[in-house]
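Beneath this line is the structure, given in structure tokens, with notes to follow.
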Amino acid sequence: MSQPRSKLLDILLEAPSQKIIHMPDMDVGQSEVEPFPFLAIVEQYEMKLALMLALINPRVGGVLLIGPRGTAKTTAVRGLTDLLPNVRRSLCVHGCTEAMLENGGMDAICKDCAQKVGYGEPLTVEDKVRLFELPLNARLEDVVGGINERVALEQNRVRLERGILGHADGNILYIDEVNLLDDTIADAILDAAAQGHYTVKRGPMRLQYRSRIILIGSMNPEEGRLRPQLMDRFGLRAVVHGLQEPDARYQVYENAALYHRDPVRLAS
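The sequence shown begins at 753 in the working numbering and counts up one residue at a time.
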């Protein structure tokens, strides 16, 4: 015969914190912010050409933008997403797609996706190319992935989750101030970007993730140098300078003012 549950346990289970603990893993949502149009950036032709080449052929090995503050490096990168067409994004944590099913059959996809195929459910969804910005304080586990600590504590089991690299597959990964990034993390990102995939091992568990990314880094040489070994691994480098001509500087002011008043009009 089971014992009745205590009132103290009832109070603990009804506490607001329980709702947070059992909240499902999902995006909480963010407001859409219209990026500054890439084509509205004044001059900076070398930087724009390097970025366009990386979009056309991601196999160039990434782009490194070198220049002082205020030269539109980050602004240009954030405006790239509007230049790219929509892509098919996998709904599976393993990255299963209809193309994998067509090329390799049912053995090429995971069991969950094989069940979806049986029910006639899609494996991918059409979505915009996203821009992932890597924070400087990111840990190696945040970048490559690791053990879900919440699941380990609550359910007493080990579950590996993708990091920023895995989520950025098929998208743009931007590293601002790459010269200040930890060398171990920088090496891991460059290796994954060059190979198009990477492997995470935690004890007996081993998972492989795709990392087919468009890698873009930027740095201000006044804040420190980048190791030559890392700099050589970027396929393209563009040195960015501030505008000197009064007419060009005035056009920057006009475009910035119009962007704050009516960003849709500036983009049209």
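All C-beta atoms, glycine included, are put in the ideal place defined by N, C-alpha and C.
This one's a predicted model, so the numbers in the text were calculated from it and none came from an experiment.
Based on the DSSP output, what are the partners of residue i in its beta bridges?
i, result
"M858", "According to DSSP, M858 bridges with nothing at all."
"G915", "Its beta-bridge partners do not exist; DSSP assigns none."
"H993", "Paired residues: none, contrary to the question."
"T951", "Q960"
"G969", "L816 and I927"
Determine the contact status of residue i and residue j, defining contact as a CB-CB distance below 8 Å.
i, j, result
"F986", "Y926", "no"
"S963", "G918", "yes"
"L832", "R989", "no"
"V794", "L995", "yes"
"D879", "V839", "yes"
"D859", "F790", "no"
"R992", "T823", "The sequence as given places Val at residue 992; Arg does not occur at that position. Closer than 8 Å, so yes."
"L892", "I937", "yes"
With a CB to CB cut of under 7 Å and the five nearest residues on each side skipped, what residues in its chain are close to residue i?
i, result
"G976", "N931 and L932"
Helix, strand or coil for residue i per DSSP?
i, result
"G781", "Residue placement at G781 is poorly supported in this model, since its pLDDT is 49, which falls under 50; the coordinates still yield a value, given next. If DSSP states are grouped into helix, strand and coil, G781 belongs with coil."
"D934", "coil"
"V815", "strand"
"R958", "strand"
"I808", "helix"
"L942", "helix"
"D999", "helix"
What residues in its chain sit with their C-beta under 6 Å from that of residue i, if we drop five residues either side in the sequence?
i, result
"R979", "none"
"N1007", "A792"
"P810", "I966"
Who are the Cβ neighbours of residue i in its own chain at under 8 Å, not counting the five residues just before and after it?
i, result
"L1010", "R1017 and L1018"
"A1000", "V794 and E795"
"V780", "In this predicted model, V780 has a pLDDT of only 46, less than 50, meaning its place in the structure is not dependable enough to derive any value."
"P874", "L843, E850 and K868"
"T826", "Y926, D928 and S970"
"A890", "I916 and I937"
query: Unbroken beta strand (DSSP E) runs of length 3 or more, entirely within the stretch 832–892: which are they?
result: 839–842, 876–879 and 883–885
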